[in-house]
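Please read the structure below before turning to the comments.
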Amino acid sequence: MTRYRSVKGTRDLLPPETGVWAAVEETARRTFELYGYREIRTPVMETTELFVRSVGESTDIVGKEMYTFEDRKGRSLTLRPESTASVARAYVEHGLQSWQQPVKLFYVGPHFRYERPQRGRFRQFHQIGAELLGDDSPLADAELLLMLDRFLRALGFRELEVLLNTVGDQESRSAFRDALVSYLEPRRKELSEDSRRRLETNPLRILDSKSSGDQELLAEAPSLEEHLTPAAREHFETLREILDGRGLAYRIEPRLVRGLDYYTHTVFEIVSRDLGAQDALVGGGRYDDLVASLGGPEVPGIGFAIGEDRLIDVLPEGFRDEVIPPVPTLAVAVGEVDPTVVMELSEELRGAEIPCEVDLSSRSLGSSLRRADKAGVRIVLLLGEEELEEGTVAVKDLEEGTQVTVRREELIGRLGELG
Ligand code: AMP
9 MTRYRSVKGT RDLLPPETGV WAAVEETARR TFELYGYREI RTPVMETTEL FVRSVGESTD
69 IVGKEMYTFE DRKGRSLTLR PESTASVARA YVEHGLQSWQ QPVKLFYVGP HFRYERPQRG
129 RFRQFHQIGA ELLGDDSPLA DAELLLMLDR FLRALGFREL EVLLNTVGDQ ESRSAFRDAL
189 VSYLEPRRKE LSEDSRRRLE TNPLRILDSK SSGDQELLAE APSLEEHLTP AAREHFETLR
249 EILDGRGLAY RIEPRLVRGL DYYTHTVFEI VSRDLGAQDA LVGGGRYDDL VASLGGPEVP
309 GIGFAIGEDR LIDVLPEGFR DEVIPPVPTL AVAVGEVDPT VVMELSEELR GAEIPCEVDL
369 SSRSLGSSLR RADKAGVRIV LLLGEEELEE GTVAVKDLEE GTQVTVRREE LIGRLGELG
């Protein structure tokens, strides 16, 4: 027999861990709704062309990480490696420019990248993200970062570091790209193989290089900062002033460019020391040209994506402790009582939103009580022949070690009092 296993880089999430995921997502929804965001659900597959156009041909994602396949009619489809492109596509497709601007959307769901699996890196991973479309002011950048900060605080995070930079507008970027290429071209031989390739395809990405030789070369290279246009500089300065005014701490990271082609102006990451090498929990930035590049109107945008798998990996204990699933009340048929009678009772309780389970496998009262105790059950309802005849239920409180007989019609009220 073949032993079936989940596909490499994917995993099952089991209870009680799924309860933690649900609570994290609920906290995200609650926080984002405070800022006027509403949920969008886009398909997990898109035409391949969408990601090639928006994320960029020369990026790692498009170059080597996409799950791309042909469907039965030979159309090239891709499992989404990220969602900003999908949200921008949906914005254009449904004409959301006719809605009140800005349009604020959040999403939660699985994404797919063909990467080497390791801690904090999966082939199916999950992102919680938000996108704000139709506002190009630095106030929008600031509000988005404040929302992100509020969410992470609600989960109990205190020590995370926000890394912030600007890649400027198209004009700043192309001026910088030219200067960088002119500087690196004569030193091409000293660059790592990856960076040599990037010199042709996507020179800005060289700033991201992990090679120490590359980083040494870059120490003397022209800086992005000195190539910013006055408008780009002002955008970034205003953002910083607002964040400073709100006391939101950040570190300027001049080499942070982020890998994707569509970023303009503000880019940021949030990192956690607890994650080791895969330390980025959140990535985001502004993308003022993306919607237009997909054939839509000139609509600016900014957004972020939180890596939910990584977030939960380093979740503060306090939040985890609070996610305690309710232990249901247990209803047991005693003696010769037909279990379907107990089932009827338990359906009544569920109708009143009291979690309840029936011990269907009950062999004896003793074994039922032992199992209940082990499962952490507090209240056991016993229905024997006597109770059935008198229209009562015996309510056993395992925590207090008490037992009282309650009339059937008073049961729900009494259980409500017990909490
Ligand atoms: P990116 O758009 O690549 O910056 O992704 C945003 C966030 O998603 C990252 O900061 C990570 O937390 C998370 N992420 C990206 N790729 C993976 C992956 N393969 N496995 C787990 N999390 C990921």
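Each position in the sequence shown, counted from 1, maps to that position plus 8 in the numbering used here.
Glycine is no exception: its CB is placed at the ideal position from the N, C-alpha and C atoms.
Using the three-state DSSP reduction, which class does residue i fall into: helix, strand or coil?
i	result
isoleucine 314	strand
tyrosine 99	helix
proline 51	coil
leucine 419	helix
tyrosine 295	coil
glutamate 169	strand
threonine 246	helix
valine 279	strand
proline 324	coil
arginine 46	strand
histidine 86	It should be noted that the sequence gives threonine, not histidine, for residue 86. If DSSP states are grouped into helix, strand and coil, threonine 86 belongs with the strands.
arginine 80	coil
proline 334	coil
arginine 259	strand
threonine 35	helix
proline 194	helix
arginine 131	coil
phenylalanine 109	Residue identity check: residue 109 is glutamine in the sequence provided, not phenylalanine. Three-state result, glutamine 109: coil.
aspartate 381	helix
valine 412	strand
proline 211	helix
threonine 272	strand
alanine 183	helix
valine 15	coil
proline 118	strand
aspartate 346	coil
leucine 226	helix
leucine 368	coil
glutamate 356	helix
leucine 390	strand
leucine 406	coil
leucine 152	helix
Pull up the CB-CB distance for residue i and residue j, whole angstroms please, since I reckon it's below 8 Å.
i	j	result
histidine 235	serine 180	5 Å
leucine 391	valine 349	6 Å
glycine 326	glycine 164	5 Å
tyrosine 115	methionine 74	At roughly 19 Å, the Cβ-Cβ gap does not stay under 8 Å, so tyrosine 115 and methionine 74 are not in contact.
alanine 96	leucine 302	6 Å
leucine 156	valine 290	7 Å
arginine 259	leucine 172	7 Å
leucine 256	aspartate 222	Their Cβ separation, rounded to whole angstroms, is 32 Å, which puts leucine 256 and aspartate 222 out of contact at 8 Å.
threonine 272	leucine 247	Actually they are not in contact, since the Cβ atoms of threonine 272 and leucine 247 sit about 13 Å apart, beyond 8 Å.
valine 175	leucine 232	7 Å
glutamate 344	glutamate 393	6 Å
Taking all protein chains shown into account, decide if residue i is buried (16 or more other Cβ within 10 angstroms of its Cβ) or exposed.
i	result
alanine 285	exposed
phenylalanine 276	buried
glutamate 201	exposed
alanine 239	exposed
glutamate 90	buried
aspartate 186	exposed
glycine 128	buried
leucine 215	buried
aspartate 297	buried
glycine 293	buried
serine 94	buried
arginine 61	buried
leucine 21	exposed
histidine 119	buried
arginine 281	exposed
isoleucine 332	exposed
aspartate 367	buried
alanine 30	exposed
serine 369	exposed
valine 307	buried
glutamate 228	exposed
leucine 160	buried
aspartate 381	exposed
glutamate 151	buried
How about the region 131 to 138 and the region 312 to 324: do they share at least three Cβ pairs that are nearer than 8 Å?
Touching, yes, given that three or more Cβ pairs across the two stretches are closer than 8 Å.
Count the C-beta pairs between the region 85 to 95 and the region 30 to 44 that are closer than 8 Å, then say yes if the count reaches three, no if not.
By the criterion of at least three beta-carbon pairs nearer than 8 Å, the region 85 to 95 is not in contact with the region 30 to 44.
Closer than 6 Å from C-beta to any heavy atom of the ligand AMP: which residues, in chain order?
Going by the Cβ distance cut-off, the answer is Glu90, Arg121, Glu123, Gly128, Arg129, Phe130, Phe133, Gln135, Ala288, Leu289, Val290, Gly291, Ala313, Gly315, Asp317 and Arg318.
Please determine if the region 236 to 256 and the region 206 to 219 are in contact, where contact requires at least 3 C-beta pairs separated by less than 8 Å.
By the C-beta criterion, the region 236 to 256 is judged not to be in contact with the region 206 to 219, since fewer than 3 inter-stretch pairs fall below 8 Å.
Spell out a yes or no on whether the region 60 to 78 and the region 44 to 52 are touching, meaning 3 or more CB-CB pairs, one atom from each, closer than 8 Å.
Judged by pairs of C-beta atoms under 8 Å, the region 60 to 78 does not touch the region 44 to 52, as fewer than three such pairs exist.
Using a Cβ distance threshold of 8 Å, determine whether the region 397 to 412 contacts the region 378 to 389, with at least three qualifying pairs required.
With a cut-off of 8 Å on Cβ pairs, the region 397 to 412 is in contact with the region 378 to 389, counting three or more such pairs.
Are three or more beta carbon pairs between the region 262 to 276 and the region 53 to 70 nearer than 8 Å?
Yes: the two stretches touch, three or more of their Cβ pairs being nearer than 8 Å.
Three Cβ pairs or more, each shorter than 8 Å: is that satisfied between the region 102 to 113 and the region 53 to 65?
Contact between the region 102 to 113 and the region 53 to 65 is not established, with fewer than three Cβ pairs separated by less than 8 Å.
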